[in-house]
Every structure is written in structure tokens, then in C-alpha cells.
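Residue numbers (mature numbering (1 follows the signal peptide of the UniProt record, and there is no 0)): -19 to -1, 1 to 515.
Below is one structure, written out as C-alpha cells; the observations come after it.
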Amino acid sequence: MLLIIVVLLVNLQIETSVSLTVVVPPDPIVAHVGSTVTLPCWISPPENAGALEIRWYRQDQFSNPVLLYNHGKIQDVQEESYRNRSSLTLRSDQSGGLKDGDVSLRLEKLTFQDKGPFHCYVSGEHSYGSEEVVLKITALGSTPVLSPESLDDGRVNISCRSSGWYPEPSVSWTSDEGRDLRPGGTSHTRGADEMISVHSWTAVSLSDAQLVSCSVSLRPGELKEGRLDIQGIVCSGPWKALFLTFLICALLGLVGFILFKYRHKLTGKKPVKEICEEETMERLTKEEEPKKEPDCEEGSLQILRKEVVEDINIEELRKHADEITIDREHSHPGLIVSRDCKMVMYRPEYKPTGEGFPYELCAFGAQRFTSGRHYWEVELAQINRPTKNFWIIGVLKHGNFRSKDRSALTPSAGFWFLCSDGPYGFFTNTAPLIRFSLTPRPERLGVLLDYDHGQLSFYNVTERKHLLTISSRFSGSVVPLFNPGVGDKSPITILDWPKPVESAVELVVKSSDNPETVESVAESRQSLTTAQKA
């Protein structure tokens, strides 16, 4: 009898000493803030975990778990910050779930408070096991903004700024030839939300590079890059050298202007203006078959400027004008849209969600285009107010109505636009980012969408100049895009469809057939003068 009792005690001791083997990855799990992540944990060898207790908890928080599974279901006992954010999940598509011992944890809407160790604890009636999974949180910041400043020694000091990073990123400078540039300094600033802003700068000679690149990165494959064309920057030197240079340029310019002005008399050829007008008429009015051209990168920027830039025939462009109105239903709630759906500006109480341009503040045209040429104009200057400094004008693929980050506003995602970012100049949403200047700043902007030929062109209507053309390939319906930005009080105003303007001779002929009062004739002539000036 005594022998039987001893044998039973030994068997019980052996049974209770058996432990569960819990397995987790050896390396930390890395995920971006705001994303969803899986923390893998499983039992080896596999066994059905449906009847076991599964407890995920943070350091020293065993009784206040992230998630508790027991008696075949998720229990209500839980740390409040993880409620509706945590659940059991599969560690891979091949996993059999609980019946195969997979007890992995799924976390949603990650915050910086989620970084650190998580304990995976599994226990049965006579055994248990526990392992630790380390979670690292990262944040990929904004595209670097590069701004130049001329130095007295002929070099250019370039500043690079970016925000919204975690942890602290590294910064590297390179030229267009791939040569590393030494930074003059780099500083990091941590905000109240733990996000890190970085500021770096370097001095470059104009003879050393055409483009300068600033790359901000967390690790290989996780970087943002900004570029700046420094050849268009005029450096300021000593005043005597500047005056001499200016004088020489002025004399050369005067000689060139005289030769240009009278060259058709010397050569017997037509003036360039006549040639340009004929080309414009042919390009805009004839229905041509698409020309066979080399394939271009989607969203590439082509500055279509001739050696001698002549005035654009705005009247020819207006023959393709469409009546454009704003779609109230899909406009951002932070915008004010006028009753006639022709004007948009930001609400004074609106607070941007981050630093830099508020890309989310978008309004969209109610008209959809799938073929042909379409033209519209927007007013960017108001009486007694300075010209708008912040705006986005362009088109987007219908349905792409929400985005908060410029990195998502790409031609491949269905966005094509020109942006004015105040003191940081102008840029298009090409990759990589290249900024440039426009002088004078447009007061009235014309937009020509040539859907069939894959071109989006912008014009300074006041100066009657072509600014630039974006070449791409459109598919599906595209709609006009408007973003008034924040930082200035002027709205974006969509102008009414320009009507054909009758000449003064036609007015006189009509007046003889159908007599008008003196006041009516004067009013018609005044309207004609105003329209011609526009």
C-alpha cells in the first residue's frame, strides 16, 4: 500500500513539472506609428491552445493584461488603452490558429507608448510557459524641404528641413554626380508628441554640382529625399563686382534685343510672333492624330519654352473653356465654398494636422473629363490683398478624394498639380521633388488639360506666358483639383466661362441695324476694353 502511494506521488510530481515551450522571434518587431502589427507567439510542439489560458501583458502588469483569453473566449479584463485595439491573430497564412498552438497578438493604431517588451504567457492545468517580444515603433517623416541662401564667397548655403521622424534619423548630402557632400551641421529637435524634426545644412560651390540632394533616413529602404537645382540661383558678391556684371549683362541684353527686334528685316523671314501664332492656332484648333514620341516617365515635368518666349494667344485657349464648379459633397470640411461653387478658402478655425503644406485641404471640380481639351482659369489676386502665396491647382483621377501626405499625391496614384508653397517656391508632384521659381507670381492662372495627348499645361494669363507642361498618361475620369492652403486670406476664385468678345467694328455695325442709346454703346465698348485687357 505504501509502495502504491509513493508511485502515485512520483507520477504527480513528474506531471506537474512538465512546462509548455513558448516560442517567439529572436529579433525585435519593427512597425510604423499608426499602423497594425502582429506579435508572433506559438507553442512548440504544436498543440490545441483552445482550452488554455493565453495572457499578453506589459512589464509588471500581469493582472492588467493587454489581452486575456480563458475558458474558450476573450475576457473583459483588459488595460483600457488596448481596448478595441488588440486581438488574437494568425502569425502567417499557413497557421492553423489556436488549434495548432498559434497565440499571436494583433495590435492596431500603434502609438509611441506601445514600444517596448510584451509578454506572451500560456498556461494549462499543470504547466505554463512565457516569452518576451520586443516592439520598436518608427515614424517616417516628411519629404525634406531645401532652401538656398547666397554667400559672399560665391557659394550657396543650402538648408534641409524635415519633420515627423522617430527615432532620430540620419542625414546625408550628395551631388547629382553621386559625390558625398560634407554637412556644415545637423540638429535634431524632439516635440511634445515625441516626433523628431531634423535640420541640416551644407555650403556648395555653383561649379561643383547641378543638383544637390538631401536624404533623411531611418534605415536602408526607409528614407525621404529632396533635391534642389542650384544653377538658377544668382549669388551675391561684393557690390562692385555685382554692378559690373549687371552693366555688362544690360549692354548685351540691349544689343540682343535690337538684333531680335529687326532680324526679320535683315533676313527677310517672318517675325517669330507670326510663326508662334500660326503654330498655336494649328496645335489648338486642328484635331491631330497623336504624334509618335518617345515614352516619357509618368508625371515627368517638361518646361516647354522656346529660345525666344512670345506671348501666348489666350483667346485660342479660351475656345476650349469649360464651366467649372466645385463639388461641395467631396470637399474637405476645413474649407469654405461659396454658394455659387466658384470660390474656396480655408476656414479660419481650421488647424492643420502637421507641419508644412496642408495637402488634405482639397476641393474638387464637379465636372469629369475622359477625352478632349478642357481649359479653365482661376483668380489668385484680390483687390487690396496681396497675391496668394499658398495653393495647389491641377487635376486628379476621380475618386481619389482623401490624402494627408504629399508622398501619396503622385502621378501613379492619380494626382497631377502645380503647387505654390510660399517662401519655398513652386514645385510639381514629380519624384524626386525639384523646386523652381516663377517671376512674377501668377495673379491669374490658366489650366489646359489635353487628355488625349497626356498633357497638363499652366499659363500666367496676366503676363500671357506659358509656364510649364506636365506630361503623363491619363485613364478613367479626371476632375479639377483646388487647394487654397493656409497662411494667406485670399481665396481661389474660379472665373466664369470666358465669352467670345466682339470687335468695336462689329458693335458699330450692329448699332446701325438696331439703334442703341449712347449709354449702351459706351457700356459695350467699356466691356470690350476690360475683356481685352484680361
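C-beta atoms are modelled at their ideal positions from N, C-alpha and C, and glycine is treated no differently.
Residues that residue i bridges to, as DSSP identifies them
i      : result
Asn138 : Glu130, Ala184
Leu49  : Arg36
His107 : His107 is not bridged to any residue.
Leu91  : BP columns for Leu91 are empty, so no partner.
Pro461 : Val376
Tyr102 : Arg36, Ser111
Val84  : None, per the DSSP bridge assignment.
Gly166 : Trp182
Asp402 : Phe371
Gly468 : DSSP output for Gly468 lists no bridge partner at all.
Leu116 : Ile10, Gly97
Val325 : Val318, Ile473
Glu206 : Ser196
Leu426 : Val359, Asn441
8 Å Cβ cutoff met for residue i and residue j
i      : j      : result
Val114 : Cys195 : no
Phe371 : Gly468 : yes
Ser156 : Ala190 : yes
Thr119 : Lys205 : no
Tyr63  : Val47  : yes
Gly97  : Leu116 : yes
Val185 : Ile211 : yes
Leu437 : Val376 : yes
Phe439 : Leu448 : yes
Leu390 : Pro465 : no
Gln348 : Asp292 : no
Phe99  : Leu162 : no
Glu60  : Gln40  : no
Glu296 : Leu361 : no
Gly353 : Tyr432 : yes
Nearest candidate by alpha-carbon position, reference residue i, set the options
i           : options                        : result
His180      : Asp157, Ser153, Ala190         : Ser153
Val126      : Gly403, Ala120, Ser25          : Gly403
Ala173      : Ser471, Phe93, Thr391          : Phe93
Arg328      : Tyr38, Gly78, Ser471           : Ser471
residue 516 : Gly315, Thr409, Phe338         : Residue 516 cannot be examined here, being either before or after the span of the chain that is shown, -19 to 515.
Gly346      : Lys378, Pro150, Ile305         : Ile305
Val137      : Gly165, Glu158, Glu112         : Gly165
Val5        : Thr17, Ser16, Val18, Ser25     : Ser25
Ser151      : Gly159, Thr351, Pro201         : Pro201
Asn53       : Met176, Thr351, Glu34          : It is worth fixing the name first, because residue 53 is Gly in this sequence and not Asn. Of the candidates Met176, Thr351, Glu34, the one whose C-alpha sits nearest the C-alpha of Gly53 is Glu34.
Leu192      : Ile295, Arg366, Ile229, Arg160 : Arg160
Ile451      : Phe408, Val3, Val18            : Phe408
Cβ separation of residue i and residue j, assumed to be a contact under 8 Å, to the nearest whole Å
i           : j      : result
Arg422      : Gly406 : With a Cβ gap of about 10 Å, Arg422 and Gly406 do not count as contacting.
Ile374      : Leu426 : 6 Å
Ser178      : Thr167 : That belief does not hold up - the Cβ atoms of Ser178 and Thr167 are roughly 12 Å apart, past 8 Å.
residue 560 : Val103 : The requested residue 560 does not occur in the structure, where the chain is confined to residues -19 to 515.
Lys80       : Asn29  : 5 Å
Trp397      : Ser312 : That pair is no contact at about 19 Å.
Ile369      : Gly457 : This sequence places Lys at residue 369; Ile is not what is there. Actually they do not touch by this definition, with Cβ atoms about 30 Å apart.
Arg87       : Ser68  : 5 Å
Phe455      : Val325 : Not confirmed; about 24 Å, so no contact.
Thr474      : Lys323 : 6 Å
Proximity test, Cβ basis, 8 Å: residue i and chain C
i      : result
Thr351 : Annotation note: the requested chain C is absent from the structure, which comprises a single protein chain.
Environment of residue i [buried if 16+ CB atoms lie within 10 Å]
i      : result
Leu1   : buried
Ala344 : buried
Asn65  : exposed
Glu358 : buried
Val14  : buried
Gly135 : exposed
Cys400 : buried
Cys101 : buried
Gly122 : buried
Ala12  : buried
Pro461 : buried
His107 : exposed
His355 : buried
Asp95  : buried
Arg445 : exposed
Tyr50  : buried
Ala129 : The residue you asked about is not Ala; residue 129 is Pro in the sequence shown. By the neighbour-count rule (16 or more Cβ atoms within 10 Å), Pro129 is buried.
Ser144 : buried
Glu310 : exposed
Thr183 : buried
Val58  : exposed
Arg366 : exposed
Any non-hydrogen atom of the ligand MG within 7 Å of residue i CB
i     : result
Gln75 : For the structure depicted, the ligand MG is absent and the ligand set is empty, with no information on it obtainable.
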